[in-house]
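Undergrad: Chains as they are written, first to last, in the working numbering: chain A, 19 to 339; chain B, 21 to 140. Cβ atoms here follow ideal geometry from the backbone N, Cα and C, with glycine treated the same way. In this text, all values refer to a predicted model and were calculated from it rather than measured experimentally. Questions regarding the structure given below will be posed in turn.
Here you go:
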């Protein structure tokens, strides 16, 4: 078995149902071995890498091939289900954590305890259901279009450009990132019409500061660009330059945005027409302080990402292929 | 150079391709079941189908074999042949009964469609 064929089979193996994985790979390997032997006997020599490549093309994209071994159609197919389940748990856990934090902030700023408790009690029926719905919808759309996208990508993709066998975690992370980014984008695009998505019930007395409107379009553009880059990384791992350039660009722009935000006094203000009582002013100050901490973490993460990307580019020549 | 007036456009070509695949999918199941009245392993099955004018990609055939097996229409076993382990498939008793019914259905359908197309 040549390294190229081994690599292809390892990539198929990653997405196969665990119970039948070894048996399926054994059968595919046997078929490939027989085909290679037949061709080599015909030609009287070993197959070149291009000829092996052509042979493997008939089997299809590793993920598409593995998907065909799963049970027939579900809302979320077997190839995506594990990452869907993981993303759902993270999204629901994250949403719960944010809402617990909101409830604590209310209590800390003197709101009645009943309000905070009521907010948490209704969480499963409001935000919980919405989170579940959005995650499921995005995954269902992804699952519906994945075979066509993979087939399209597979036409030009070189087997040698497939991720190394140890890259399973990376691919799952990528899929989770794509879904997470898509959900964020839908949420973000809906905010101008429904500020309640940003502030929750506090939208009655809070509004975004002017900096929000100034940066809304650039943030949307950066997020869209990063989503395109993520898709490129997933479908065309051989487009190394596009990937590297795209990541540098989006990380660099994120850094600029985070710096601008850090220099801004306020990202949140009282909604027009709301009386500035001491309590409300305290709430706004508290949120702006928290926002600065978040932006600072974002700035550090973006800086780290750029440093890491540079490190990857520098070390790529010795580790690639 | 302008295309011939009755040449299909891109949308029609894509639609035709979808319909062709749909048409072929049902026929492929019957062809595989029919061919497996005699025992085969994947590679020889594919060759036999191709020799009879029905080439099938490996990526389609192997998952299909597993699906038919899980539906109880095929049985399989690993066995050595030419000093190599291979997975052999053949029809199960349920598969044999189903093939008989499907073949009758296929012939009836084929005859009906032939009559419909002759009427045009």
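1. Identify each residue in the stretch 57–76 of chain B for which the Cβ-Cβ distance to at least one residue of chain A is less than 7 Å, and report them in chain order.
2. Between residue 52/A and chain B, is the shortest Cβ-Cβ distance under 8 Å, so that the two count as touching?
3. Under 9 Å between beta-carbons, which chain A residues line up against residue 79/B? List them in chain order, please.
4. On the criterion of 16 or more Cβ atoms from any shown chain inside 10 Å, does residue 147/A qualify as buried, or is it exposed?
5. Can you name the residues that DSSP bridges to residue 100/B?
6. Does any residue of chain A have a CB that is nearer than 8 Å to the CB of residue 103/B?
7. At a CB-CB cut-off below 9 Å, which residues of chain B make contact with residue 46/A?
8. Hey, does residue 49/A have any beta-carbon neighbour from chain B nearer than 8 Å?
9. Are the beta-carbon atoms belonging to residue 201/A and residue 152/A less than 8 Å from one another?
10. Grab the span of the alpha helix (DSSP H) containing residue 168/A for me, first residue to last.
11. If you measure from the beta carbon of residue 45/B to each beta carbon in chain A, is any gap under 8 Å?
12. Residue 238/A: which of 45/A, 177/A, 205/A and 24/A sits nearest, CA to CA?
13. So is residue 36/B buried or exposed if we call it buried at 16+ other beta carbons inside 10 Å?
14. Are the C-beta of residue 86/B and some C-beta of chain A separated by less than 8 Å?
15. At 8 Å on the CB atoms, spell out the chain A contacts of residue 40/B, in chain order.
16. Considering residue 287/A, what are the terminal residues of the alpha helix (DSSP H) in which it resides?
17. List, in order along the chain, the chain A residues whose C-beta lies closer than 7 Å to that of residue 107/B?
18. Kindly list the residues whose CB is nearer than 6 Å to the CB of residue 80/A, restricted to its own chain and excluding five residues on each side of it in sequence; keep chain order.
19. How would you label residue 20/A, buried or exposed, when you count the other beta carbons within 10 angstroms and need 16 or more for buried?
20. Just to confirm, is the Cβ distance from residue 280/A to residue 224/A under 8 Å?
21. Between residue 197/A and residue 242/A, what straight-line distance do the alpha-carbon atoms span, to the nearest angstrom?
TA: Working from what's here:
1. 62 and 63
2. Counting from 1 along the first chain, the entry for residue 52/A is found at position 34. Answer yes: the Cβ-Cβ gap between residue 52/A and chain B drops below 8 Å somewhere.
3. Within the second chain, residue 79/B is the residue found at index 59, counting from 1. Going along chain A in sequence order, the residues near residue 79/B (Cβ under 9 Å) are 76, 77, 78, 79, 82, 83 and 86.
4. Taking the first chain and counting its residues from 1, the one referred to as residue 147/A is at position 129. So residue 147/A counts as exposed.
5. In the second chain, the residue the question calls residue 100/B occupies position 80. 105/B, per the DSSP bridge assignment.
6. To locate residue 103/B, count along the second chain from 1; it is residue 83. Not closer than 8 Å to any Cβ of chain A, the Cβ of residue 103/B fails to qualify, so no.
7. The residue given as residue 46/A occupies position 28 in the first chain. Simply 62, 78 and 82.
8. For the purposes of this step, residue 49/A is taken as the residue at position 31 of the first chain. So yes, residue 49/A belongs to the interface.
9. Along the first chain, read from residue 1 onward, the residue named residue 201/A stands at position 183. Along the first chain, read from residue 1 onward, the residue named residue 152/A stands at position 134. Yes, Cβ-Cβ distance for residue 201/A and residue 152/A is below 8 Å.
10. Sequence index remark: in the first chain, residue 168/A carries index 150 (1-based). Residues 145–172.
11. Within the second chain, the letter at position 25 stands for residue 45/B. No, because no Cβ of chain A sits closer than 8 Å to the Cβ of residue 45/B.
12. Taking the first chain and counting its residues from 1, one reaches residue 238/A at position 220. Comparing Cα positions, the closest option is 205/A.
13. As a working mapping, residue 36/B is identified with position 16 in the second chain. Residue 36/B should be labelled exposed.
14. Within the second chain, the letter at position 66 stands for residue 86/B. At least one chain A Cβ lies under 8 Å of residue 86/B.
15. As a working note, residue 40/B is residue 20 in the second chain. Against residue 40/B, chain A offers no close residue; the least beta-carbon distance is about 15 Å (beta-carbon pairs closer than 8 Å).
16. The residue labelled residue 287/A in the question sits at position 269 within the first chain. It is not in any alpha helix (DSSP H) - residue 287/A instead sits in the beta strand (DSSP E) that spans 286–288.
17. Position 87 of the second chain, counting from 1, holds the residue named residue 107/B. Within chain A, the residues near residue 107/B are 45.
18. By one-based count along the first chain, residue 80/A stands at place 62. Around residue 80/A: 29 and 30.
19. On the first chain, residue 20/A is found 2 positions in, with the first residue counted as 1. The residue in question, residue 20/A, is exposed, as its Cβ has fewer than 16 Cβ neighbours within 10 Å.
20. Locating residue 280/A in the first chain gives position 262, counting from the first residue. Locating residue 224/A in the first chain gives position 206, counting from the first residue. The answer is no: Cβ separation not under 8 Å.
21. Within the first chain, the letter at position 179 stands for residue 197/A. Within the first chain, the letter at position 224 stands for residue 242/A. Their Cα atoms are separated by approximately 13 Å.
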